[in-house]
Amino acid sequence: MYKSIASNKRNTLLIMTVFVIIITAIGWLVSALYGNPSITYWVIAGAAIYAFIQYFVASKLALAVSGAHEIEKKDNPRLYRIVENLAITLGIPTPKVYLMQDAAPNAFATGRDPKHAVVAATTGLLEVMDDRELEAVMAHEMGHVQNYDIRVSMIAFGLVSAIGILSDVVMRMFFFGNSRENNVSPVVIVVGLIVVILAPIMATIVQLAVSRQREFLADASGAMTTRDPEGLADALEKLQSYGQPMKRQNTSTAHLFFNNPLKPGMLAKLFSTHPPLQDRINRLRDNAKKF
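Heads up, the sequence shown is in numbering that gives the first Met the number 0, so the first residue is 0 and it goes up one at a time.
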């Protein structure tokens, strides 16, 4: 478990480095297009500022687009007490608790760190899961908080968004800019077009890969917190029977959820934000004695 956490942190640093390289490459292409090397630094600085802003506002946006509203203990004592008890067990502040009016059983965690964390659950999750299973699901979400997955998700989301915007802007520059006046090599233009087309796709695939690995880690963290991997495995099995797309779907927040909230499509497996439910169940049961 602890080796997984350490490996996860190293992988996170590697992923952030990949994002910076992609942004730097886009900046270099713009510099080559306009013959001004300083543009690269402005592009990197602009992307960093955008990601920084997203870091602070993304959690509020996620709650808004999901239709979640904050509750107090009196509003839903069952959910609130489970979250409260898990926070005491983990030794972290009790996150704010939100509820979503949706029949799809699901949940998510967001925020910058444990002091600014939020956990949310759907009404469908409360109806489908018994107390043991609900505790297991919320322990998984608290695992995201404990492991700082929520912070990495916010940073990755900001960087992926920045790369998408930059690629769109640069694409327009290639077609409507003054590359001919600067005598830019046709090779640079061709390579540049390839990079700006592939950059958002590469960034998204990397983000989704990170998200899938962190789901496995959060499963392990939740099982260690409750000492009940079978409870989480049972909850995941119920999702195989009762899981359904959420009413308010948004691809930008899908990676935050306990289970993929989107309607499956042709490329669902490649671009899935979550590993298959059966793989998660198998890992929990294969490693049950280790928890």
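All residues carry an ideal CB built from backbone N, CA and C; glycine is no exception.
Report task. Can you give me the start and stop residues for the beta strand (DSSP E) that isoleucine 140 sits inside? Result -> Locating residue 140 in the sequence shown gives position 141, counting from the first residue. Per the sequence presented here, residue 140 reads as glutamate, with isoleucine not at that position. If you look at glutamate 140, you'll find it isn't in any beta strand (DSSP E); it sits in the alpha helix (DSSP H) that goes 130-145.
Query raised in the report: By Cβ distance, which residues of its chain are closer than 6 Å to histidine 143, with the 5 residues on each side in sequence left out?
Result: Here residue 143 corresponds to residue number 144 of the sequence shown, with the count starting at 1. Cβ neighbours of histidine 143 beyond the five flanking positions: Ala108, Ile149 and Ala217.
Query raised in the report: Quick one: is isoleucine 20 buried, meaning 16 or more other Cβ sit within 10 Å of its Cβ, or exposed?
Result: One-based indexing of the sequence shown puts residue 20 at position 21. Counting the other CB atoms within 10 Å of its CB gives isoleucine 20 a total below 16, which places it among the exposed residues.
Query raised in the report: Between alanine 135 and glycine 230, is the Cβ-Cβ spacing less than 8 Å?
Result: Along the sequence shown, one-based indexing puts residue 135 at 136. Along the sequence shown, one-based indexing puts residue 230 at 231. In terms of Cβ geometry, alanine 135 and glycine 230 form a close pair [threshold 8 Å].
Report task. Classify threonine 109 as helix, strand or coil using the three-state DSSP reduction. Result -> As a working mapping, residue 109 is identified with position 110 in the sequence shown. Shown here, threonine 109 sits in a strand according to DSSP, grouped into three states.
Query raised in the report: Excluding five sequence neighbours on each side, which residues of the same chain lie with their C-beta closer than 6 Å to the C-beta of arginine 279?
Result: Position 280 of the sequence shown, counted from the first residue, corresponds to residue 279. Spatial neighbours of arginine 279 in its own chain (CB-CB distance under 6 Å, excluding positions within 5 residues in sequence) are listed in chain order as Asp218 and Leu235.
Query raised in the report: Which residues does DSSP pair with histidine 273 in a beta bridge?
Result: Translated into the one-based positions of the sequence shown, residue 273 becomes position 274. The bridge partners DSSP lists for histidine 273 come to none.
Query raised in the report: Does the stretch 75-85 come close enough to the stretch 28-48 to have 3 or more Cβ pairs within less than 8 Å?
Result: Short answer: they don't touch.
Query raised in the report: CA-CA distance, methionine 293 and alanine 120?
Result: Given a span of 0 to 290 for the chain in the structure shown, any question on residue 293 remains unanswerable.
Query raised in the report: What's the gap between the Cα of aspartate 96 and the Cα of serine 220?
Result: Numbered from its first residue, the sequence shown carries residue 96 at position 97. Numbered from its first residue, the sequence shown carries residue 220 at position 221. Residue identity differs from the one stated: residue 96 is valine in this sequence, not aspartate. Each residue's alpha carbon lies about 20 Å from the other.
Query raised in the report: Less than 8 Å separating the beta-carbons of isoleucine 25 and alanine 138?
Result: For the purposes of this step, residue 25 is taken as residue 26 along the sequence shown, with counting starting at 1. For the purposes of this step, residue 138 is taken as residue 139 along the sequence shown, with counting starting at 1. With respect to alanine 138, isoleucine 25 sits apart: the two C-beta atoms are not nearer than 8 Å.
**Report entry** Contact check, isoleucine 43 vs isoleucine 22, beta carbons under 8 Å
**Finding:** Residue 43 sits at position 44 when you count from the first residue of the sequence shown. Residue 22 sits at position 23 when you count from the first residue of the sequence shown. For isoleucine 43 and isoleucine 22, yes; Cβs fall inside 8 Å.
Requested in this report: Could you name the residues of the same chain whose beta carbon sits closer than 6 Å to that of methionine 170, not counting the 5 residues immediately before and after it, in chain order?
Outcome: Numbered from 1 along the sequence shown, position 171 holds the residue referred to as residue 170. Only Val195 meet the Cβ criterion.
Query - Segment limits, alpha helix (DSSP H) that includes alanine 61 - result: Looking up residue 61 in the sequence shown gives position 62. Where alanine 61 is concerned, the enclosing alpha helix (DSSP H) stretches over 37-65.
Query raised in the report: CA-CA distance, arginine 179 and methionine 153?
Result: For the purposes of this step, residue 179 is identified with residue 180 of the sequence shown, where counting begins at 1. For the purposes of this step, residue 153 is identified with residue 154 of the sequence shown, where counting begins at 1. Only weak support exists for where arginine 179 lies, its pLDDT of 47 falling under 50; the value from the coordinates is given anyway. A straight-line Cα-Cα distance of about 39 Å links arginine 179 and methionine 153.
Query - Which of helix, strand or coil DSSP assigns to alanine 120 - result: Position 121 of the sequence shown, counted from the start, is the residue given in the question as residue 120. Alanine 120: strand per DSSP, three-state reduction.
Query raised in the report: How would you label tyrosine 292, buried or exposed, when you count the other beta carbons within 10 angstroms and need 16 or more for buried?
Result: Outside the modelled stretch of the chain, which goes from 0 to 290, sits residue 292, for which no answer is possible.
Report task. Alpha carbon to alpha carbon, how far is leucine 255 from methionine 201? Give it in angstroms, no decimals. Result -> Taking the first residue of the sequence shown as 1, we reach residue 201 at position 202. Taking the first residue of the sequence shown as 1, we reach residue 255 at position 256. Rounded to whole angstroms, methionine 201 and leucine 255 show a C-alpha spacing of 19 Å.
Requested in this report: Can you have a look at leucine 165 and say buried or exposed, based on whether 16 or more other CB atoms are within 10 angstroms of its CB?
Outcome: Taking the sequence shown and counting its residues from 1, one reaches residue 165 at position 166. Label assigned to leucine 165: buried.
Query raised in the report: Thinking C-alpha only, which one of Asp74, Pro228, Val118 and Ala106 is nearest asparagine 286?
Result: The count along the sequence shown starts at 1 and reaches residue 286 at position 287. Comparing Cα positions, the closest option is Pro228.
Query raised in the report: Thinking just about the alpha-carbon of each residue, which of Ala102, Asn105, Val117 and Met99 is nearest to the one in threonine 93?
Result: Position 94 of the sequence shown, counting from 1, holds the residue named residue 93. Ranking Ala102, Asn105, Val117 and Met99 by Cα distance to threonine 93 puts Val117 first.
Query raised in the report: Which first and last residues belong to the alpha helix (DSSP H) in which lysine 237 is found?
Result: Here residue 237 refers to the residue found at position 238 of the sequence shown. Its alpha helix (DSSP H) spans residues 228-241.
Query - C-beta contact flag for leucine 207 and alanine 50 at 8 Å - result: Counting from one through the sequence shown, the residue named residue 207 turns up at place 208. Counting from one through the sequence shown, the residue named residue 50 turns up at place 51. Against a cut-off of 8 Å, the Cβ pair of alanine 50 and leucine 207 comes out as no contact.
Query - For glutamate 69: DSSP bridge partner residues - result: Within the sequence shown, residue 69 is the residue found at index 70, counting from 1. According to DSSP, which records beta bridges pairwise, glutamate 69 is partnered with Tyr97.
**Report entry** For phenylalanine 257 and asparagine 146, believed in contact at Cβ under 8 Å, the rounded distance
**Finding:** Within the sequence shown, residue 146 is the residue found at index 147, counting from 1. Within the sequence shown, residue 257 is the residue found at index 258, counting from 1. In this structure asparagine 146 is not in contact with phenylalanine 257, their Cβ atoms being roughly 15 Å apart against a cut-off of 8 Å.
**Report entry** Extent of the continuous alpha helix (DSSP H) to which leucine 255 belongs
**Finding:** Here residue 255 refers to the residue found at position 256 of the sequence shown. No alpha helix (DSSP H) contains leucine 255, which DSSP labels as neither H nor E.
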